[in-house]
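Novice: Going left to right, the sequence shown walks through residues 4 to 614 as our numbering numbers them.
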Amino acid sequence: MQTTVSDSGRKAKDLLHENHLLQDEIASLRLEIDAVKNQKQEKEKKYFDDIENLQKAMKSKEEILTETIFQYTGQLNVLIAENTMLKSELENNKQSKQALETEVESYRSRLAAATHDHDQGQTSPRDLELAFQKANDERLCLQDQMKFDVTKLRSNSETASQQLSEVESQFNKLKIKLHQTRDDLREKTSMLECVQRDPSQAECQKQEIEHKYQNKQGKVNEYLKKQESLEERLSQLQSENMLLRQQVGDAQNGADSKEKTVISIQDEMQQIVKKVHAEIEKQGLMVMAKGKELVNEWNPLEERPCQYEDERAGELQEAQDQHVEAVRCAEKTQDHIQKLEIENAELQTTVKKQVGKIEHFQKNLLSTRLIDHLPAELETACSQCLHLDAKNRVLQQELLSMKGWQRKCEQLEKENKKLEQEIRAASQENLQQVQEEDIASIRSQMELRFKDLESELSKMKTFQDSNKAELEKYKQLYLEELKVKKALEKRLDKTNERLAETSTKLEVEKQQNKSLLSTLTTRPLLERPGIGNFNNTLIFNSNLCPRANLESSTSVPLTSNSSMMTHLFKTRRKLEKSITRELEEGAAEFESEFSRLSSLLSTGGSNLYRD
Numbered sequence: 004m005q006t007t008v009s010d011s012g013r014k015a016k017d018l019l020h021e022n023h024l025l026q027d028e029i030a031s032l033r034l035e036i037d038a039v040k041n042q043k044q045e046k047e048k049k050y051f052d053d054i055e056n057l058q059k060a061m062k063s064k065e066e067i068l069t070e071t072i073f074q075y076t077g078q079l080n081v082l083i084a085e086n087t088m089l090k091s092e093l094e095n096n097k098q099s100k101q102a103l104e105t106e107v108e109s110y111r112s113r114l115a116a117a118t119h120d121h122d123q124g125q126t127s128p129r130d131l132e133l134a135f136q137k138a139n140d141e142r143l144c145l146q147d148q149m150k151f152d153v154t155k156l157r158s159n160s161e162t163a164s165q166q167l168s169e170v171e172s173q174f175n176k177l178k179i180k181l182h183q184t185r186d187d188l189r190e191k192t193s194m195l196e197c198v199q200r201d202p203s204q205a206e207c208q209k210q211e212i213e214h215k216y217q218n219k220q221g222k223v224n225e226y227l228k229k230q231e232s233l234e235e236r237l238s239q240l241q242s243e244n245m246l247l248r249q250q251v252g253d254a255q256n257g258a259d260s261k262e263k264t265v266i267s268i269q270d271e272m273q274q275i276v277k278k279v280h281a282e283i284e285k286q287g288l289m290v291m292a293k294g295k296e297l298v299n300e301w302n303p304l305e306e307r308p309c310q311y312e313d314e315r316a317g318e319l320q321e322a323q324d325q326h327v328e329a330v331r332c333a334e335k336t337q338d339h340i341q342k343l344e345i346e347n348a349e350l351q352t353t354v355k356k357q358v359g360k361i362e363h364f365q366k367n368l369l370s371t372r373l374i375d376h377l378p379a380e381l382e383t384a385c386s387q388c389l390h391l392d393a394k395n396r397v398l399q400q401e402l403l404s405m406k407g408w409q410r411k412c413e414q415l416e417k418e419n420k421k422l423e424q425e426i427r428a429a430s431q432e433n434l435q436q437v438q439e440e441d442i443a444s445i446r447s448q449m450e451l452r453f454k455d456l457e458s459e460l461s462k463m464k465t466f467q468d469s470n471k472a473e474l475e476k477y478k479q480l481y482l483e484e485l486k487v488k489k490a491l492e493k494r495l496d497k498t499n500e501r502l503a504e505t506s507t508k509l510e511v512e513k514q515q516n517k518s519l520l521s522t523l524t525t526r527p528l529l530e531r532p533g534i535g536n537f538n539n540t541l542i543f544n545s546n547l548c549p550r551a552n553l554e555s556s557t558s559v560p561l562t563s564n565s566s567m568m569t570h571l572f573k574t575r576r577k578l579e580k581s582i583t584r585e586l587e588e589g590a591a592e593f594e595s596e597f598s599r600l601s602s603l604l605s606t607g608g609s610n611l612y613r614d
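1. To the nearest angstrom, how far is the alpha carbon of Ser521 from that of Gln515?
2. When you compare only the Cα positions, how much space is there between Ala429 and Leu89?
3. Please report the straight-line C-alpha distance between Glu108 and Phe151, rounded to a whole angstrom.
4. For Glu425, tell me which candidate among Met463, Gln400, Glu231, Arg189 has the shortest Cα-Cα distance.
5. Assuming Ser444 and Thr87 make a contact with CB atoms under 8 Å, what is their CB distance in whole Å?
6. Three Cβ pairs or more, each shorter than 8 Å: is that satisfied between the stretch 447-461 and the stretch 97-108?
7. Which same chain residues, not among the five before or five after Cys144, have their C-beta less than 8 Å away from its C-beta?
8. Quick test of your reading: Ile582 and Leu491, contact by CB under 8 Å. State the CB separation rounded to the nearest angstrom.
9. Report yes if the CB atom of Thr505 is closer than 7 Å to the CB atom of Leu578, and no otherwise.
10. I think Ile72 touches Asp441, with their Cβ atoms under 8 Å apart; what is that distance to the nearest whole Å?
11. Expressed to the nearest angstrom, what Euclidean distance is found between the alpha-carbon atoms of Ala463 and Leu451?
12. State buried or exposed for Asn22, treating a residue as buried only when at least 16 other CB atoms are found within 10 Å of its CB.
13. Taking all protein chains shown into account, decide if Asn95 is buried (16 or more other Cβ within 10 angstroms of its Cβ) or exposed.
14. Taking the C-alpha atoms as reference points, what is the distance between Lys100 and Asn433?
15. Could you tell me the distance, in whole angstroms, from the CA atom of Gln431 to the CA atom of Ile54?
16. Would you kindly work out how many angstroms separate the C-alpha atoms of Glu439 and Arg446, rounded to a whole number?
17. Distance check for Gln74 and Leu68, CA to CA, integer angstroms please.
18. Would Lys14 be called buried (16 or more neighbouring beta carbons within 10 Å of its own) or exposed?
19. Quick one: Cα of Leu18 to Cα of Gln26, how far?
20. Can you tell me the Cα-Cα spacing of Lys16 and Leu24, whole angstroms?
21. Could you check which residue in Lys573, Arg494, Lys476, Lys420 has the C-alpha nearest to that of Leu509?
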């Protein structure tokens, strides 16, 4: 017995220890699950925030789109109105031209009659002058009348616009009242449905609803009549307003617009010419600056790939570590969930067993009680059935009466819908006619505008072609200048080389002369002012001529020395002459090329300004 007790105690201790361990594991797993849940919640919050931000951005974009659409629709409406105005103004101008032509014809007929009378000798020159003055007076009176009519038309258009605004406000008020009546009708229909559900209050509510419905129907008919009358008045006022606007002349705006277009085209031509000159000058500087910028940009770009590779490696390692930790947590949670599912299944089986036992006991108890209460329940059930039959008959009668009223209401609603459809059809037909007229006018105006634009495009193309031809001329001139510069540079290089050779030869001869002088004479000769540093000067002065008087004045009997000096001065003069000739030839060629290029440039610029 003691051994069994000790074994059971050990087992109990082991079980307690295992239970504590399992509880610790469960607590740790719960903490991990909470941490995972918190992470998921944070991620979900982030995702929700991102979604909200995206939704806000989408809403803002949609608002911007709606605003832009509204703006464009407004612009289209403005253009349509302008087109209608221009059409009316053109018609008015035509009418005014016709009237003026008729007046001119009448004046011509009068003048012809006057000349005929003068030829016949019936009238005197004074009568002709009086007739001419009368004609001028009539013309001035007509001009004054035209101005007065224009002012009247403007004032009438303003008053008509004010009346239009008032009528539109009244029309909007009537629309609001119509909406209110429709809402009332909907409320009454809902009230009818409620009345159908509770038949005890049906009769009194039916009478009230019929009376209210008749009143509302009368009001609706009145509002419809008012609406039709107001629509007719609106259409009349709109037509009058359009006629008044058509009568206002707008020919000056067209002339101003044409003048502005001509001025703008001239300005654009001048700007294009200036831009061409500026671009030709700036291209060289831009190429040098771009080369420096590319070199400066290439140096940091070479260092960026290494930085990107290091950052990517660190991010990959962090992502791998997070993935491993998430996999571990998921495995632990799955094991814990499996254990919990097993425990739940065991608990469910036990609960089902207990429920079955309870139901069995309840059935046994009910079987004993039902036997005693069956006859009383049968009597009560029979009485309830009779009462329910009577109620059902009453309710059926009420339902039949309600169905009759419902049919009447449906017929009235159908008639109202038909009237609304007829009104809508009439309004749609009017709108379609107006829209078709507007579309036709817009098309004609757009066609005219396209033709004008095509003519302007052809002009611009011709201008561009002429500019391209002039640019090619300038390019050719520029290439010729470059060729001339290169040729002149080559010649200058050659002359510099010749000068260097002559200077080296002179230095060699100088050294030879010094050596000869030192060997031939022991006494120092007089210094020649012409013999000096030949490298310092390229063009020699007139002071370099041989000084024979000094040699004659000196008492040196050496003939060989004098002959050498004369030979040196002769060679020196020849070199000076050849150098001056070459320099003069180079300067003359440079001047001739420069004058030729300047003449070409002047002719090209004059042609450009003529164009």
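All C-beta atoms in this analysis are idealised placements derived from N, C-alpha and C, irrespective of residue type, glycine included.
Specialist: So, from the listed chains and residues:
1. Computed Cα separation, rounded: 10 Å.
2. C-alpha separation (whole angstroms): 29 Å.
3. Each residue's alpha carbon lies about 24 Å from the other.
4. Checking every option, the nearest Cα to that of Glu425 belongs to Glu231.
5. Yes, they are in contact, since the Cβ atoms of Ser444 and Thr87 sit about 6 Å apart, within 8 Å.
6. With a cut-off of 8 Å, the stretch 97-108 and the stretch 447-461 do not count as touching, because too few Cβ pairs lie within range.
7. Sequence-distant Cβ neighbours of Cys144 in its own chain, meaning closer than 8 Å and more than five residues away, do not exist here.
8. Their Cβ separation, rounded to whole angstroms, is 18 Å, which puts Ile582 and Leu491 out of contact at 8 Å.
9. Yes, the Cβ-Cβ distance between Thr505 and Leu578 is below 7 Å.
10. Ile72 to Asp441, Cβ: 19 Å. No contact.
11. Before going further, note that residue 463 is Met rather than Ala in the sequence given. Our two residues, Met463 and Leu451, have alpha carbons roughly 18 Å apart in a direct line.
12. With fewer than 16 other Cβ atoms from the protein chains shown falling within 10 Å of its own Cβ, Asn22 counts as exposed.
13. Under this definition Asn95 is a buried residue.
14. If you draw a straight line from the Cα of Lys100 to the Cα of Asn433, it is about 33 Å long.
15. Cα-Cα distance, rounded: 43 Å.
16. Rounded to the nearest angstrom, the two C-alpha atoms are 10 Å apart.
17. Their backbone Cα atoms lie some 10 Å apart in a straight line.
18. Around the beta carbon of Lys14, fewer than 16 other beta carbons sit within 10 angstroms, so the residue counts as exposed.
19. Cα-Cα distance, rounded: 12 Å.
20. Roughly 12 Å separates the two Cα atoms.
21. The option with the nearest alpha carbon to Leu509 is Lys573.
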